[in-house]
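The structure under discussion appears below in the form of structure tokens.
Numbering (the numbering used here), first residue to last: 5 to 606.
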């Protein structure tokens, strides 16, 4: 049986706990530094508290150490990893292979997507180094995943939701070239979301002021089973800078989808953590931040991937503007709804495209399908309106929070002079016996006493949800008050041992549980001293790439998106093309044999 792991992002401890409560099996988060998101660092004390909360449910915490590391930072990185390991983290997500050298780092190591694992050869390399898990490049097809699964014995992790980098992961130098801030150091300026003109060699503008490098967001909610069959055990949600509402919503939606998969195939799959999630809001990823969705290269086919008209969140399409009229100091905008029963609420946020600009407007109030708002340029009849802030949904997500609990079965036996032994067994197999001496009178009404015992013991205490499975009392039952039984229940909760953190871990599952996955062909290779490894690769090779390397290489093709592709669309061949932003020119290259595009300095 293969445990399936839903891996959620967390910018901080609070978001991490929210993800766990909504059904995440694992959380990835940065420590104080070196986490490739400059604005998402966390103290080690917060990491320790998050680990303690997570391990109650067998949830794992992965710490990101996936920036390029400067020569004078290695001692600091080593100290931080040791402290994080002591705080309870379950694995490190790394970029630099040198981190594999330290023998005192004993938790598993996961090769980051920044390692750009998009071929069987790259996968074999990191498998041979002893990595427990490979985080695959987003732009792979299902067949690519199958090929890698057949070649290596370690776990495979794959992104299933969130923002897409247009470049192959770990190989983008556009931000550093344009602004001096390196994406490899967590300081990406998101140049791919900027507006560009597309010009030819003569300076003629072919497309003006579009986000020509911006992709839609990834969404593979309906493809999870195919990925599992292909050999993926961990399904990753992008978004370590996203807010709590976003993480709650997306995690809950994907957790329910994985639960449904496990219910369909109970002999093949299970969840990688425990604790039942109940109650809460009804999730809908269309109602939180998104640029529209794509399945990228999963089927190995080209599609419409661009969000060039709207590089920011547009949200859900709600309808077209029917009329716009003055109202007081603002406007009264009436919608022609896209769906029946559309409900608008005060405070809703809307977006629309006005020429090359995406404009936003906030509803001061709503009456039926009428929006009362401030005067906004470009807002006119016929405009397509999107709701990128659903105020009612945001309130629902905050007010109706799911509850995650571990089921505990209790077997009660009463013997002697009211010695009460209670055996507790959690749903994940932990067990404990708690004993109590009841120096009280005999209960005259046995049925009522047993009913009281079952009722008061069969309640919640902390994260545990107790139920009484049996009561064995050959003689009389003690006369216990409700408060006394409640105290007994709390004592049992405190006696339950810590969760077995390796139980149901994907890492502990035999590769035979994954379709066509052979055991590793070789063990970890010995590493050399700092500065190189057994494969002869320079640890600093990614820092100073040859000048011939492009700033960006991608499967995405501007020609294809604009209907200008000679190969797939029969368009007439063009001469050299360039992107221009504020006078800065970038050259585009097209490798039609590989179906790839490059962006480079002129």
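The beta-carbon is built from N, C-alpha and C at its ideal position, and this holds for glycine as well.
Indicate the three-state DSSP secondary structure (helix, strand or coil) for residue i in the structure shown.
| i | result |
| --- | --- |
| residue 27 | coil |
| residue 255 | helix |
| residue 92 | coil |
| residue 119 | helix |
| residue 316 | coil |
| residue 441 | strand |
| residue 187 | helix |
| residue 310 | strand |
| residue 21 | helix |
| residue 608 | Because the chain here runs from 5 to 606, residue 608 falls outside it and cannot be looked at. |
| residue 518 | The predicted model places residue 518 with a pLDDT of 40, which falls under 50 and marks its position as unreliable; any figure quoted below should be read in that light. Looking at residue 518 - three-state DSSP - the assignment turns out to be coil, as it is neither helix nor strand. |
| residue 12 | strand |
| residue 508 | Caution applies to residue 508, whose pLDDT of 42 falls short of 50 and renders its modelled position unreliable; the value that the coordinates give is listed next. If DSSP states are grouped into helix, strand and coil, residue 508 belongs with coil. |
| residue 223 | strand |
| residue 250 | helix |
| residue 273 | strand |
| residue 70 | coil |
| residue 371 | strand |
| residue 80 | helix |
| residue 377 | strand |
| residue 627 | The requested residue 627 is not part of the displayed model; the chain covers only 5 to 606. |
| residue 213 | strand |
Are there 16 or more other CB atoms within 10 angstroms of the CB of residue i, so buried, or fewer, so exposed?
| i | result |
| --- | --- |
| residue 8 | buried |
| residue 246 | buried |
| residue 86 | exposed |
| residue 15 | buried |
| residue 460 | buried |
| residue 68 | buried |
| residue 318 | buried |
| residue 116 | buried |
| residue 371 | exposed |
| residue 13 | buried |
| residue 267 | exposed |
| residue 620 | Not covered by the structure: residue 620. The range shown for the chain is 5 to 606. |
| residue 71 | buried |
| residue 441 | exposed |
| residue 447 | buried |
| residue 384 | exposed |
| residue 568 | buried |
| residue 314 | buried |
| residue 83 | exposed |
Can you list, in chain order, the residues of its chain with a C-beta nearer than 7 Å to that of residue i? Leave out the 5 residues immediately preceding and following it.
| i | result |
| --- | --- |
| residue 286 | none |
| residue 151 | 124 |
For the beta strand (DSSP E) that residue i lies in, which residues bound it at each end?
| i | result |
| --- | --- |
| residue 340 | 334–341 |
| residue 302 | Run containing residue 302: none; DSSP gives neither H nor E here. |
| residue 474 | 468–476 |
| residue 558 | 556–558 |
| residue 407 | 407–419 |
| residue 432 | Where residue 432 is concerned, there is no enclosing beta strand (DSSP E), given that its DSSP letter is neither H nor E. |
| residue 149 | No beta strand (DSSP E) contains residue 149, which is instead part of the alpha helix (DSSP H) from 146–155. |
| residue 601 | 600–605 |
| residue 241 | 238–241 |
| residue 200 | 200–204 |
CB-CB under 8 Å to residue i, same chain, minus the five flanking residues each way: which ones, in chain order?
| i | result |
| --- | --- |
| residue 595 | 601 and 602 |
| residue 351 | 366, 367, 393 and 395 |
| residue 297 | 220, 221, 222 and 223 |
| residue 121 | 115, 127, 130, 138, 139, 140, 141 and 152 |
| residue 333 | 378 and 379 |
| residue 346 | 322, 323, 339 and 373 |
Just to confirm my understanding: we take residue i, look at its own chain, exclude 5 residues before and 5 after, and list those with CB closer than 6 Å. What are they?
| i | result |
| --- | --- |
| residue 472 | 414, 458, 461 and 462 |
| residue 364 | 355 |
| residue 430 | 410 and 412 |
| residue 476 | 417 |
| residue 189 | 71 |
| residue 177 | 555 |
| residue 95 | 66, 111, 112 and 114 |
| residue 211 | 202 |
What are the boundary residues of the alpha helix (DSSP H) that residue i is part of?
| i | result |
| --- | --- |
| residue 230 | 228–234 |
| residue 58 | 48–59 |
| residue 164 | Unbroken run through residue 164 is the beta strand (DSSP E), 159–166; no alpha helix (DSSP H). |
Is there at least one Cβ from chain D nearer than 8 Å to residue i's Cβ?
| i | result |
| --- | --- |
| residue 453 | Of the protein chains in the structure, only one exists, and it is not chain D. |
If you measure from the CB of residue i, is any heavy atom of the ligand PLP nearer than 7 Å?
| i | result |
| --- | --- |
| residue 263 | In terms of ligand content, the structure shown is empty, and the ligand PLP therefore cannot be addressed. |
### Task
Decide if the region 387–405 is in contact with the region 337–351; the criterion is three or more beta carbon pairs, one per stretch, under 8 Å apart.
At 8 Å Cβ cutoff, the stretches touch.
### Message
Pairs of beta-carbons, one from the region 217–235 and one from the region 165–185, closer than 8 Å: are there three or more?
### Response
yes
### Query
Using 8 Å as the threshold, is the region 55–74 in touch with the region 305–314, meaning 3 or more CB pairs across them?
no
### Task
Please confirm if the region 199–208 is in contact with the region 253–260, defined as three or more CB-CB distances below 8 Å between the two stretches.
no
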